[in-house]
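K.L.:
Taking my numbering, the leading residue of the sequence shown gets 1377, the next gets one more, and so forth.
For each residue, glycine too, the CB sits at the ideal point set by N, CA and C.
What follows is a structure written as structure tokens; I'll ask about it next.
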Amino acid sequence: MAVCSSQHCDLIGNAYPRCRSCPSYANCETSRSRNSFRKYLAFPLSQVRLLKSPFAEAVEANRKYVLAHDPDRLLAPFLREAGLNPKKEPYPNWKSQGLDGHTAGHYLSALADMIAAGNDTDGEMGRRLDYMLLELERVQKANGDGYLGGLPGSRDFWPIIVAGDTGKIWSKWAPWYNLHKMFAGLRDSTIAAEKPKARELLIKFGDWCVNTTSGLTDAQMQGMLSNEYGGMNEVMADIYAMTGDKKYLDTAERFNHRSFFEPLLRGEDKVTGLHANTQIPKIIGLERIATLTGNERQDSAARFFWDTVVKHRTVAFGGNSVSEHFNDPTDFHPMLESREGPETCNTYNMLRLTEQLFATKPEASYVDYYERALYNHILSTIDSETPGYVYFTPIRPEHYRVYSQPEQSFWCCVGTGMENPGRYGQFIYARAKEGIYVNLFIPSELRTSDGLTLRQENNFPSEQTTHLSLKLQKPSNFALYIRHPQWVPEGKLTVRVNGKVVPISSKPPSYAMVRHQWRDGDKVDVDLPMRITVERLPDKSNWAAILYTLLEILSDGAW
Ligand SMILES: [Zn+2]
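This is the structure we're talking about:
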């Protein structure tokens, strides 16, 4: 990856407007990939380390689960489709029922994020990632046209699509959805794990996508988009952000599903009954394009979608959908009765969308949702003692959950499930214009490129205070923006700097700004008084969740 030599830029995490004024900006790959691409407000995963907490325990469980898989078995469908001899048998379940190859893409993302987050304690994940990229390079060379897919019958299938018979997309199990996972895995390997080989593979694969779709009419393209396609618009926009080549942006926009987007652009909620996880990644792609092009209408549509899902279709623990579909916001009865409650993939994708929306509009209300869904849904989808992931999280009273087993289960939610723990540190902190947002109260340590170490420790939520300490090479004046969550009433949030209470004027949800001339060894204690509250379902029926602060402790019964 090109490295910026400009003294205006320290490469990591700097504010986008500073890059804009840089004389090297026009040709600066670092700017596009680090700032525009990786969201300018986010700190890279490599700068955040988790400390002891249930999140760190889940990371260790995830490491074991990921390493329990054989890369050669994950790669077998790719070698087969390229006419090469697979080294091992492919895995069963969804990996041999038509969606062959999809987990390998998730696996790359999981490895890349876990490595970046400092969880590759013995180097094995790094070795596996390098090995898989080498094997995928061999596959891509054998294919000859940049293709990298495990879809059964690929060689016969894609020429049919190129010829314009796009109705045949339904003859396979979600072909673009499947391929999107490999695109995303290569992107994450490029950005999070900084693997140049992944970038080469990704761009060649992107060229294959451009060539495959460029001859299709808009009608053919739109007809094809009724079939689940993951976030193809997002990854093509990502390649545009990395390369600056507009052909990738044009292709990204061709993956915008107009019949789904148009009501949202008009501010109309037509999502009831739609397959939830088909739609959420499309919106992530729409917002990605809007961020790159400055399209405010598209940005508004993405925010409207987020509102419809979070405010009207989400239950207390942050999940949405029943049997994978968006429920009627006036009737949660089906969700209460179904064995198939909120799906993990949906919340994984809603968190990614929330990060994107926050990046251009940093409001604490986005973090309130994120915190609720991360603690109550995402963290609960992995069993730390016997590693495995859940697909559905039913809210049916006295019901149970089913956990996956390594090498046996290859559901979609296993794929997103193995990605989640590597991303726990993604949103704890964010860079503000003149300071740092403290978004989440997860024990962790942030080390910025300009020499600040911000350490956060607590026994949250068993205790009601989080403790921050700063290490600095020299005194520095900046603001800590400490999130005042919705669940702490106005006037109840207390901030002490080196033991002395400082005046703050925040209202929930917002940020308490603490500007200070910080010195090495300074300490900040934040009191977050906790309480029990009751929250009804959005349909206002006689069902309620009982919450302790943000944590759901019971979801039960008529009242
Ligand atoms: Zn899923």
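Can you look up arginine 1831 in the DSSP assignment and give me helix, strand or coil?
P.N.:
It is a strand residue.
K.L.:
If you pair each beta-carbon of the segment 1889 to 1900 with each one of the segment 1675 to 1682, do three or more pairs fall below 8 Å?
P.N.:
These segments do not touch.
K.L.:
Only counting the same chain, and skipping five residues up and downstream in sequence, which positions put a Cβ closer than 7 Å to that of isoleucine 1615?
P.N.:
These residues qualify, in order along the chain: Leu1578, Ile1579, Gly1582, Tyr1624.
K.L.:
Can you give me the C-alpha to C-alpha distance between glutamine 1596 and proline 1535, rounded to a whole angstrom?
P.N.:
Distance between the alpha carbons of glutamine 1596 and proline 1535 is about 14 Å.
K.L.:
Does methionine 1485 pass the burial test, meaning 16 or more other C-beta atoms within 10 Å, or should it be called exposed?
P.N.:
Looking at the sequence shown, residue 1485 is not methionine but serine. Flag for serine 1485 reads buried.
K.L.:
Between the segment 1763 to 1782 and the segment 1823 to 1838, do three or more beta carbon pairs fall short of 8 Å?
P.N.:
Taking 8 Å as the limit for Cβ pairs, the verdict is that the segment 1823 to 1838 does not touch the segment 1763 to 1782.
K.L.:
Just the C-alpha distance for glycine 1897 and isoleucine 1922, rounded to the nearest angstrom, thanks.
P.N.:
Each residue's Cα considered, the two are about 39 Å apart.
K.L.:
Going by the beta-carbon positions, is the gap between arginine 1575 and alanine 1628 smaller than 9 Å?
P.N.:
No, the Cβ-Cβ distance between arginine 1575 and alanine 1628 is not below 9 Å.
K.L.:
Which runs of the alpha helix (DSSP H) at least 4 residues long sit entirely within the segment 1467 to 1516? Give them in chain order.
P.N.:
Fully enclosed alpha helix (DSSP H) runs of 4 or longer: 1478 to 1492.
K.L.:
Measure the alpha-carbon distance for serine 1881 versus arginine 1728 and round it to whole angstroms.
P.N.:
Cα to Cα, serine 1881 sits roughly 30 Å from arginine 1728.
K.L.:
Give me whichever residues DSSP pairs with serine 1756 in a beta bridge.
P.N.:
For serine 1756, which the question treats as bridged, DSSP gives no partner whatsoever.
K.L.:
At which residues does the beta strand (DSSP E) containing tryptophan 1919 begin and terminate?
P.N.:
Here the beta strand (DSSP E) through tryptophan 1919 covers 1919 to 1924.
K.L.:
When DSSP builds the beta bridges, which residues end up paired with lysine 1847?
P.N.:
Looking at the DSSP assignment, lysine 1847 forms a beta bridge with Thr1829.
K.L.:
Since proline 1884 and proline 1861 are thought to touch, with beta carbons under 8 Å apart, how far apart are those beta carbons, to the nearest angstrom?
P.N.:
At roughly 6 Å, the Cβ-Cβ gap stays under 8 Å, so proline 1884 and proline 1861 are in contact.
K.L.:
What do you reckon, is the C-beta of tryptophan 1584 under 8 Å from a heavy atom of ligand 1?
P.N.:
Checking the Cβ of tryptophan 1584 against ligand 1 gives no.
K.L.:
Taking only three categories from DSSP, how would you classify leucine 1426?
P.N.:
Note: leucine 1426 maps to strand in three-state DSSP.
K.L.:
Got a sec? Which residues, its chain only, sit under 8 Å from arginine 1772 by beta carbon, not counting five neighbours each side?
P.N.:
Excluding sequence neighbours, arginine 1772 sits near Leu1712, Glu1713, Ser1714, Arg1715, Gly1717.
K.L.:
Are the segment 1497 to 1505 and the segment 1527 to 1534 in contact at 8 Å, needing three or more beta carbon pairs?
P.N.:
Result no; under three Cβ-Cβ pairs closer than 8 Å.
K.L.:
Mind reading off the beta-carbon distance from alanine 1617 to alanine 1568? Whole number of angstroms is fine, and I expect it under 8 Å.
P.N.:
Going by Cβ atoms, the distance from alanine 1617 to alanine 1568 rounds to 15 Å, so no, they are not a contact pair.
K.L.:
Under 8 Å: do the segment 1462 to 1481 and the segment 1555 to 1570 share three or more Cβ pairs, one atom per stretch?
P.N.:
Contact holds: three or more Cβ-Cβ distances are below 8 Å.
K.L.:
To the nearest angstrom, how far is the alpha carbon of isoleucine 1660 from that of glutamate 1810?
P.N.:
When rounded, the distance between both Cα atoms is 28 Å.
K.L.:
Near leucine 1451, what residues of its chain come up, given a Cβ to Cβ distance below 7 Å and the 5 sequence neighbours on each side ignored?
P.N.:
For leucine 1451, where only same-chain residues beyond five positions count, the Cβ hits under 7 Å are Ala1480, Met1508, Glu1511.
K.L.:
At what residue ranges does the segment 1437 to 1468 contain a whole run of the alpha helix (DSSP H), taking only runs of 4 or more?
P.N.:
Complete alpha helix (DSSP H) runs here, min 4: 1447 to 1457.
K.L.:
Report all residues from its chain with a CB closer than 6 Å to the CB of tyrosine 1523; omit the five preceding and five following residues, and keep chain order.
P.N.:
Trp1584.
K.L.:
Is the beta carbon of leucine 1443 less than 9 Å from the beta carbon of glutamine 1832?
P.N.:
Cβ distance not < 9 Å, so leucine 1443 and glutamine 1832 don't count as in contact.
K.L.:
If we call anything under 9 Å between Cβ atoms a contact, is asparagine 1495 one with proline 1797?
P.N.:
A contact, by the Cβ cut-off of 9 Å.
K.L.:
How is lysine 1876 classed by DSSP in three states: helix, strand or coil?
P.N.:
Strand.
K.L.:
When DSSP builds the beta bridges, which residues end up paired with tryptophan 1546?
P.N.:
Paired residues: none, contrary to the question.
K.L.:
Measuring straight from C-alpha to C-alpha, what distance separates phenylalanine 1734 and glycine 1459?
P.N.:
Rounded to the nearest angstrom, the two C-alpha atoms are 45 Å apart.
K.L.:
Smallest Cα separation from arginine 1748: which of Thr1909, Gly1695, Val1766?
P.N.:
With distances taken between Cα atoms, arginine 1748 lies closest to Gly1695.
K.L.:
Under the three-state reduction of DSSP, which class applies to glutamate 1716: helix, strand or coil?
P.N.:
Correct three-state label for glutamate 1716: coil.
K.L.:
What do you reckon, are the CB atoms on aspartate 1506 and lysine 1440 nearer than 9 Å?
P.N.:
Not in contact: aspartate 1506 and lysine 1440 (Cβ atoms no closer than 9 Å).
K.L.:
Would you grab the beta carbon distance between tryptophan 1787 and tryptophan 1470 for me? Rounded to a whole angstrom, and I think it's under 8 Å.
P.N.:
Contact holds; Cβ gap of about 6 Å.
K.L.:
If you follow the beta strand (DSSP E) that alanine 1574 is part of, which residue opens it and which one closes it?
P.N.:
Unbroken run through alanine 1574 is the alpha helix (DSSP H), 1572 to 1589; no beta strand (DSSP E).
K.L.:
Just checking asparagine 1722 against ligand 1 - is the residue's beta carbon closer than 8 Å to any of the ligand's heavy atoms?
P.N.:
For ligand 1, at least one heavy atom lies less than 8 Å from the Cβ of asparagine 1722.
K.L.:
Taking 8 Å as the cut-off, does the CB of tryptophan 1787 come closer than this to any heavy atom belonging to ligand 1?
P.N.:
Yes, the beta carbon of tryptophan 1787 sits closer than 8 Å to at least one heavy atom of ligand 1.
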